[in-house]
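Enquirer: Residue numbers (our numbering), protein chains in the order written: chain A, 686 to 894; chain B, 686 to 894; chain C, 1022 to 1252; chain D, 1022 to 1252.
Yeah, the Cβ is synthetic: ideal placement off N, Cα and C, and Gly gets one too.
This is the structure I have questions about; it appears just below.
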Amino acid sequence: MPWDRSKMAARAALELEDGFYVNLGIGIPTLVSNYVPADYDITLQSENGMLGMGPFPTEDEIDPDLINAGKQTVTELDRTSYFSSSQSFAMVRGGHINLSILGAMEVSETGDLANWMIPGRLVKGMGGAMDLVAGVQRIVVLMDHANKAGESKLLKKCTLPLTGQAVVDRIITNLGVFDVVEGGIKVVELAPEVAMDEVRQKTEATLVG
Amino acid sequence: MPWDRSKMAARAALELEDGFYVNLGIGIPTLVSNYVPADYDITLQSENGMLGMGPFPTEDEIDPDLINAGKQTVTELDRTSYFSSSQSFAMVRGGHINLSILGAMEVSETGDLANWMIPGRLVKGMGGAMDLVAGVQRIVVLMDHANKAGESKLLKKCTLPLTGQAVVDRIITNLGVFDVVEGGIKVVELAPEVAMDEVRQKTEATLVG
Amino acid sequence: MGKVYQDAASALDGILFDGMSIAAGGFGLCGIPENLIQAIKDAGTKRLTVASNNAGVDDFGLGLLLQDKQVKKMISSYVGENDLFMQQYLAGQLEIEFNPQGTLAERLRAGGAGIPGFYTATGVGTEIAEGKELKEFDGKTYVLERGLKMDLAIIKAWKGDAQGNLTYRRTAMNFNPECATAGKVTIAEVEEIVPVGSLDKMAIHTPGVYVQRIFQGAHEKRIEQRTTRAA
Amino acid sequence: MGKVYQDAASALDGILFDGMSIAAGGFGLCGIPENLIQAIKDAGTKRLTVASNNAGVDDFGLGLLLQDKQVKKMISSYVGENDLFMQQYLAGQLEIEFNPQGTLAERLRAGGAGIPGFYTATGVGTEIAEGKELKEFDGKTYVLERGLKMDLAIIKAWKGDAQGNLTYRRTAMNFNPECATAGKVTIAEVEEIVPVGSLDKMAIHTPGVYVQRIFQGAHEKRIEQRTTRAA
């Protein structure tokens, strides 16, 4: 049985290590913060200028001066520090963030990532995604294995404009966990009762190992 | 009668305009701060990370965490802000400082400045001088007209390694005030009882206008 | 020589001209110079090039300048919250130059710091790098990005003093310090003008040297995504 | 996962190796990591490349590492206060790479910010630019300078917490924040370790992400030029 969104997020949380500084993308990746082990010391970075992002505020705690990169109201923690945008991206670009978990439209077998635009449709912009994939130490993509039309999102080559070239380390989908390795995509783990045959059928990218 | 050091500093203080942000070099330029008109709002930058440098401390006020770029103990003012070295030189390099008054070993008629090393002698380093001359809006040199051997320090071409190329706007010496203009050095003002003949005789650089 | 002005309109006096470039602080609607944007709308200045991470929403923030088609070009990383923007863009009335968010922040910082160009790995292999110079350092490819210097920077801080020293509050800081450095002229609006000497000297995020004019304004501080948890 | 160590020696455990590169904060003797320098002297690590604005004095600061000839090369802007330095330099036992002060600060910041190179007008037309790539932007010539990334950064702050958040005091900040970002490993010594949450969140000059190890030390804080006025 393929993982649902919650199980995907829970699986992605296993990518965390104690002491990590982590940036979570908008969408499913945000859910990962619900599955951080209680005894882990994890610090979330929000690229609009905050290290040590806390949970959403209660109604009383709402502060218009305190939002995350998705423009949602959030709270601070004891450990929190604030800084400007260039300082925030110095952290990102300089490789000081251990892990980023991001959504994607497509990932290629060489680790190319496309998640910012669909030509012909309205273009909203890449925000901080290109900086994150270029700078963060490890990039994990969290996405459905197939798009709404049932087509594989794990491709030999991305068809959409890229966010980054050869930047993805691991992909977690509803079907399992996959690594970008020499020669293609390696199956690391399958969701319960998901068969290799199903994965082969639903994956356009070259599967190796 | 040529200006003495105090008069040179007082003349250099006339270069200040109300509201200026100013960086003063080590040596005679430091004395300029004694001649700031009382009704002028002048802010001194110290390139080790301070805007709004105050006077030397009284014995009681000495703080080892509060020094200027010459490593002398100083004080803060109400307006003072502190920042790191890269921020300090962002200010300098980015052209946000209005005026720097610096000492020199040699200045050429094209505005080249040499003030950081004498080959064969002990080399101490340029400190922030190269950044200042490259970035500050206006560079005024305050120096004796001749060196100890009586040779002109205002030259057709510098003989010493340069601190900056075509960076000097004005030179104030014990003999007068000189501007770097198209074709050479223009006499702007002479110290009392100094004759043009004396300046001509003591200046190697081409004098124009 | 005073830097303190009465309001946005007087602070902008003599500064605006058609075709000028403006850097605007803020992230989404957080930490935006609300009063200055409104005053530029009122002034009706045209053909603006605006560098700002976002373009506001239809009826607030930089969106206000789109209503009367005052903007010719935006330099932004994300404009998804603005329908008016999309209409004008698709109608060919508005140019957009997308910059990765970190590249935009660094371009503004570089422009303010006298750095005309820097290399970054961000965008290499994507259309962002097309037409730009590539260079290898230690076996890895980087793209040359240019510093940005703008005719005017409009920024919003929490507290400021008559010397132009500014301090920001929480994530309302965002792009404001970078914009402050990148303006040939920088105007700051603050929630409160405080006496010189009352700000913590170790927490002055924008030293006064970067700020030419300052005024105290009223701020609505609209929230884009009001997200809460149970108490 | 704790970042807090007992003292300089334990904080350096497993980090030092002969031939390594170190970025050291401080300006003159102000804001230098006194305890870490002494511990590196005690450890006897050799052939060091040290990036630091100055080289201390004969018997304090980085001068201590010169006494036993532990330093192979200095990357500095000004070394005028150190006779031992001069002796070793003139004897060919010590290399010096002079960097303009602002260029050194920006190289450390760039290294820490993932920027492998940037252009500056500083040093163009001087021997500093010799052998380096020149490039014209808008009719003016600039020189390409490289980001600096070092094996280790040793820095000194005023207060810090167990998360590695640091705040500096007055001009003792200087190069410390830049060095903190430029170290593959960064060790901070502070005058006081304070509880997490007690630092002003708007005045944390070095966020904890840059600091791997931290300890509280005793500081002599020697003054180089004691200059006073009459009371």
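Just the Cα atoms here: how many angstroms apart are A/GLU878 and A/PRO687?
Expert: Here residue 878 of chain A corresponds to residue number 193 of the first sequence, with the count starting at 1. Here residue 687 of chain A corresponds to residue number 2 of the first sequence, with the count starting at 1. Using only the alpha carbons, I get a separation of about 7 Å.
Enquirer: Give the straight-line distance between the Cα atoms of C/ILE1036 and A/ILE857, rounded to the nearest whole angstrom.
Expert: One-based indexing of the third sequence puts residue 1036 of chain C at position 15. One-based indexing of the first sequence puts residue 857 of chain A at position 172. Approximately 53 Å between the Cα atoms of the pair.
Enquirer: Check whether chain D comes within 8 Å of C/THR1188, counting only Cβ atoms and requiring the distance to be less than that.
Expert: Taking the first residue of the third sequence as 1, we reach residue 1188 of chain C at position 167. Answer yes: the Cβ-Cβ gap between C/THR1188 and chain D drops below 8 Å somewhere.
Enquirer: Tell me which residue opens and which closes the alpha helix (DSSP H) that D/GLY1133 is part of.
Expert: Start at 1 with the first residue of the fourth sequence, and residue 1133 of chain D comes out as number 112. Taken as a continuous stretch (DSSP letters only), the alpha helix (DSSP H) holding D/GLY1133 covers 1122-1133.
Enquirer: Closer than 8 Å by beta-carbon distance: list the chain C residues that pair up with B/ALA754, in chain order.
Expert: Translated into the one-based positions of the second sequence, residue 754 of chain B becomes position 69. Correct list: empty, because the minimum Cβ distance to chain C is about 16 Å.
Enquirer: Select from A/ALA831, A/ALA880, A/GLU761 the residue whose C-alpha is nearest the C-alpha of A/ALA898.
Expert: Within the shown structure, residues of chain A are numbered from 686 to 894, placing residue 898 of chain A beyond reach of any answer.
Enquirer: Contact defined as beta carbons within less than 8 Å: I believe B/ASN783 pairs with B/VAL893. What is the distance between those atoms, to the nearest angstrom?
Expert: Within the second sequence, residue 783 of chain B is the residue found at index 98, counting from 1. Within the second sequence, residue 893 of chain B is the residue found at index 208, counting from 1. Wrong, their Cβ atoms sit about 26 Å apart, outside the cutoff.
Enquirer: First and last residue of the beta strand (DSSP E) that includes A/GLY737?
Expert: Taking the first sequence and counting its residues from 1, the one referred to as residue 737 of chain A is at position 52. Run containing A/GLY737: 735-738, per the beta strand (DSSP E) assignment.
Enquirer: Identify the continuous beta strand (DSSP E) that holds D/ALA1076 and give its terminal residues.
Expert: Counting from 1 along the fourth sequence, the entry for residue 1076 of chain D is found at position 55. Careful: D/ALA1076 lies outside any beta strand (DSSP E) and carries neither H nor E.
Enquirer: Could you check which residue in B/SER771, B/MET790, B/ALA697 has the C-alpha nearest to that of D/GLY1046?
Expert: The residue labelled residue 1046 of chain D in the question sits at position 25 within the fourth sequence. Looking at the Cα atoms, B/SER771 is the closest of the given residues.
Enquirer: Name the two residues that bound the continuous alpha helix (DSSP H) containing B/VAL818.
Expert: The sequence position of residue 818 of chain B within the second sequence is 133, counting from 1. Element bounds for B/VAL818: 814-820.
Enquirer: Would C/PHE1196 pass as an interface residue toward chain G - the criterion being a Cβ-Cβ separation below 8 Å?
Expert: Judged by its chain identifiers, the structure shown contains no chain G, and its protein chains are A, B, C and D.
Enquirer: For A/SER691, does the count of other Cβ atoms within 10 angstroms reach 16, so buried, or fall short, so exposed?
Expert: Residue mapping note: residue 691 of chain A aligns to position 6 of the first sequence, counting from 1. A/SER691 should be labelled exposed.
Enquirer: Quick one: is B/GLY835 buried, meaning 16 or more other Cβ sit within 10 Å of its Cβ, or exposed?
Expert: Locating residue 835 of chain B in the second sequence gives position 150, where the first residue counts as 1. Exposed, by the Cβ-count rule.
Enquirer: In terms of residues, what are the limits of the alpha helix (DSSP H) holding A/PHE774?
Expert: On the first sequence, residue 774 of chain A is found 89 positions in, with the first residue counted as 1. A/PHE774 -> alpha helix (DSSP H) spans 770-778.
Enquirer: Determine the contact status of B/TYR725 and B/ASP703, defining contact as a CB-CB distance below 8 Å.
Expert: Stepping through the second sequence from its first residue, residue 725 of chain B is reached at position 40. Stepping through the second sequence from its first residue, residue 703 of chain B is reached at position 18. Their beta carbons are under 8 Å apart, which means B/TYR725 touches B/ASP703 by this criterion.
Enquirer: Thinking just about the alpha-carbon of each residue, which of B/GLY805, B/VAL872, B/VAL759 is nearest to the one in D/LEU1111?
Expert: For the purposes of this step, residue 1111 of chain D is taken as residue 90 along the fourth sequence, with counting starting at 1. It is B/GLY805.
Enquirer: Taking 8 Å as the threshold (C-beta atoms), are A/MET693 and A/LEU827 in contact?
Expert: Counted from its first residue, the first sequence places residue 827 of chain A at position 142. Counted from its first residue, the first sequence places residue 693 of chain A at position 8. In contact: A/LEU827 and A/MET693 (Cβ atoms closer than 8 Å).
Enquirer: Can you pull the chain C neighbours of D/THR1141, defined as C-beta to C-beta under 8 Å?
Expert: Working through the fourth sequence from its first residue, we reach residue 1141 of chain D at position 120. The answer, in chain order, is GLY1135, ILE1136.
Enquirer: Do you know how far the Cα of B/LEU787 is from the Cα of B/GLY710?
Expert: The residue given as residue 710 of chain B occupies position 25 in the second sequence. The residue given as residue 787 of chain B occupies position 102 in the second sequence. Those two C-alpha atoms are separated by around 5 Å.
Enquirer: For C/LEU1111, is the beta carbon positioned less than 7 Å from some heavy atom of the ligand NAP?
Expert: As for the ligand NAP, it is missing from this structure, which has no ligand bound.
Enquirer: Out of curiosity, what's the CA-to-CA distance linking C/GLN1184 and D/ASP1221?
Expert: Translated into positions along the third sequence, residue 1184 of chain C becomes position 163. Translated into positions along the fourth sequence, residue 1221 of chain D becomes position 200. C-alpha separation (whole angstroms): 23 Å.
Enquirer: The alpha helix (DSSP H) spanning A/MET802 covers which residue range?
Expert: Taking the first residue of the first sequence as position 1, residue 802 of chain A is located at position 117. Premise fails: A/MET802 is in no alpha helix (DSSP H) and is neither H nor E.
Enquirer: Pull up the DSSP beta-bridge partners for D/GLU1116, would you.
Expert: Indexing the fourth sequence from 1 puts residue 1116 of chain D at position 95. DSSP output for D/GLU1116 lists D/LYS1094 as bridge partner(s).
Enquirer: So that I know if they touch, is there some Cβ in chain A lying closer than 8 Å to that of D/GLN1124?
Expert: Your numbering for residue 1124 of chain D matches position 103 in the fourth sequence. Strictly speaking, residue 1124 of chain D in this sequence is Thr, with Gln absent from that position. Chain A, which has no Cβ nearer than 8 Å to the Cβ of D/THR1124, makes this no.
Enquirer: To the nearest angstrom, how far is it from the Cα of D/GLY1218 to the Cα of D/LEU1187?
Expert: Counting from one through the fourth sequence, the residue named residue 1218 of chain D turns up at place 197. Counting from one through the fourth sequence, the residue named residue 1187 of chain D turns up at place 166. Rounded to whole angstroms, D/GLY1218 to D/LEU1187 spans 12 Å at the Cα level.
Enquirer: On the three-pair Cβ rule with 8 Å, is the segment 1092-1101 of chain D touching the segment 809-817 of chain B?
Expert: Taking 8 Å as the limit for Cβ pairs, the verdict is that the segment 809-817 of chain B does touch the segment 1092-1101 of chain D.
Enquirer: Would you please verify whether the beta carbon of A/ALA834 is less than 8 Å from any beta carbon of chain C?
Expert: One-based indexing of the first sequence puts residue 834 of chain A at position 149. No, because no Cβ of chain C sits closer than 8 Å to the Cβ of A/ALA834.
Enquirer: Taking just the CA atoms, how far does D/GLN1091 sit from D/ARG1068?
Expert: For this step, residue 1068 of chain D is matched to residue 47 along the fourth sequence. For this step, residue 1091 of chain D is matched to residue 70 along the fourth sequence. The alpha-carbon atoms of D/ARG1068 and D/GLN1091 are separated by roughly 6 Å.
Enquirer: Output the distance between the C-alpha atoms of D/PHE1139 and B/LEU817, rounded to the nearest integer angstrom.
Expert: Against the fourth sequence, residue 1139 of chain D aligns to sequence position 118. Against the second sequence, residue 817 of chain B aligns to sequence position 132. Those two C-alpha atoms are separated by around 18 Å.
Enquirer: Straight-line CA distance for D/LEU1057 to A/MET776?
Expert: Residue 1057 of chain D sits at position 36 when you count from the first residue of the fourth sequence. Residue 776 of chain A sits at position 91 when you count from the first residue of the first sequence. Cα-Cα distance, rounded: 25 Å.
Enquirer: Taking the beta carbon of D/ASN1120 as the centre, do at least 16 other beta carbons fall within 10 Å, making it buried, or is it exposed?
Expert: Counting from one through the fourth sequence, the residue named residue 1120 of chain D turns up at place 99. Buried, since its Cβ has 16 or more Cβ neighbours within 10 Å.
Enquirer: My parser needs the alpha helix (DSSP H) runs of 4 or more residues fully inside the segment 1166-1237 of chain C; what are they?
Expert: Listed in chain order, the complete alpha helix (DSSP H) runs (minimum 4 residues) inside the segment 1166-1237 of chain C are 1197-1203.
Enquirer: Of all the residues that make up the segment 1224-1245 of chain C, which are near chain B by a beta-carbon distance shorter than 8 Å?
Expert: Flagged, chain order: ILE1225, PRO1228, GLY1229, VAL1230, TYR1231.
Enquirer: What number of angstroms, rounded off, separates the C-alpha of D/GLY1049 from the C-alpha of D/GLN1122?
Expert: Mapped onto the fourth sequence, residue 1049 of chain D falls at position 28. Mapped onto the fourth sequence, residue 1122 of chain D falls at position 101. When rounded, the distance between both Cα atoms is 12 Å.
Enquirer: Is A/ILE747 close to chain C, meaning its C-beta is less than 8 Å from at least one C-beta of that chain?
Expert: Within the first sequence, numbered from 1, the residue matching residue 747 of chain A stands at position 62. Output row for A/ILE747: interface = yes.
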